[in-house]
Amino acid sequence: MDESITPRRFAETLAHDIPKHWLPGNEVVSSLLNAYTVLVPANEAFYIRTLNACLPRITDPALRKRCHAFIRQEAQHGVAHKRYWGNLDAQGYSYRGFERLVDRAIFKTMDRWAPLWLRASLVSCVEHINAYLGYEFLSQAILDGADPRVRSLMEWHFAEEIEHRAVAFDLLQAVSPGYPVRLAGAATTATLFYLLMTGLAVALLVQDGVLWRKDTFRQAAAHLGSTHHMARRTIGHLWNYLRPGFHPSQLGGDGLAADVLARQAAAHPPIVVAMAAQAE
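Okay, so the sequence shown: first residue is 2 according to our numbering, each after it adds one.
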């Protein structure tokens with residue numbers, strides 16, 4: 002694995018004329034990723050607080066440097082996705098109460114009551130989920146035909162998740178390397194992640210009045226099974242995470258991420274802009 006973590010700013014304009022269902026003909030995937038974008042900022046803020054709490058325990062200067070680059074990338078993800086919330090507001094969606102509840106009831110509660118080893122394990126697992134989502138969406142070109150602005154946002158985020166996919170896992174191994182720790186974090190994280198994202202996506206489909214359409218069920222079946230195989234592939238990725246010899250570098254996808262980031266940096270005007278290095 003040839004890791005290079007470069008913090009970048011997402012510079013694309015997200016005007017409020019983006020359609021509700023920005024992946025034409027696929028309200029299900031549009032709603033799933035709209036739910037994802039609502040959950041990202043609080044998630045990312047939790048990652049950052051957790052890594053900052055772990056840093057005093059990290060003596061390896063290379064890992065500390067990687068953690069600082071990871072934190073800067075995650076901070077930019079939160080900023081960019083919050084910008085996209087303006088589109089959701091303009092489209093009339095109700096979601097902010099849900100987002101605040103999740104932040105208070107889960108992330109702030111974890112900050113206060115969960116031991117640091119569990120918080121680090123949660124971040125390690127959710128970063129694996131983010132990385133394999135990125136790998137699947139990029140390798141299968143699931144966002145082909147999407148509104149180019151939203152596609153740029155999602156593909157930039159997915160590419161950077163692939164780029165820094167090993168940092169949180171390596172941090173966990175340095176802070177609390179036991180297998181039961183990894184297992185506890187995985188069970189908690191996978192359950193919460195998919196319940197929250199699916200629940201909010203369903204709520205958005207209800208607000209659109211399309212949840213019970215036959216075509217909605219057809220789209221869900223295609224995404225989970227016949228076309229994108231996401232149910233089977235998700236189970237496989239989670240199972241891999243539970244293997245004792247697992248390491249995130251085994252996922253691959255570096256070429257996919259590099260292609261996306263190079264294309265976006267070369268656009269006119271650039272979609273992503275590399276940020277200056279920062280002293281640690």
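The beta-carbon is built from N, C-alpha and C at its ideal position, and this holds for glycine as well.
Bear in mind the structure is a predicted one, so any value in this text is a computation, not a measurement.
The alpha-carbon separation between residue 180 and residue 191 amounts to approximately 16 Å. Counting of Cβ neighbours within 10 angstroms places residue 78 among the buried residues, the total reaching 16 or more. When DSSP states are grouped into helix, strand and coil, residue 10 belongs to the strand group. Only residues of its own chain outside the window of five on either side were considered, and among them 134, 135, 138 and 139 have a CB closer than 7 Å to the CB of residue 159, listed in chain order. Taking C-beta separations shorter than 7 Å and ignoring five residues to either side along the sequence, the partners of residue 148 in its chain run 19, 20 and 23, following chain order.
The beta-carbon distance between residue 168 and residue 67, rounded to whole angstroms, is 5 Å. This is short enough to meet the 8 Å contact definition. Secondary structure note for residue 46: its alpha helix (DSSP H) is the uninterrupted segment 28 to 55. In the DSSP assignment, residue 275 falls within the unbroken beta strand (DSSP E) covering 273 to 275.
Following the DSSP letters along the chain, one finds residue 140 inside the alpha helix (DSSP H) bounded by residues 117 to 140. Per DSSP, residue 236 is one residue of the alpha helix (DSSP H) stretching across 231 to 243. Remark: fewer than three beta-carbon pairs, one from each stretch, lie closer than 8 Å, so the region 47 to 54 and the region 202 to 221 are not flagged as touching. For residue 171, the number of other beta carbons within 10 angstroms of its own is at least 16, and it is reported as buried.
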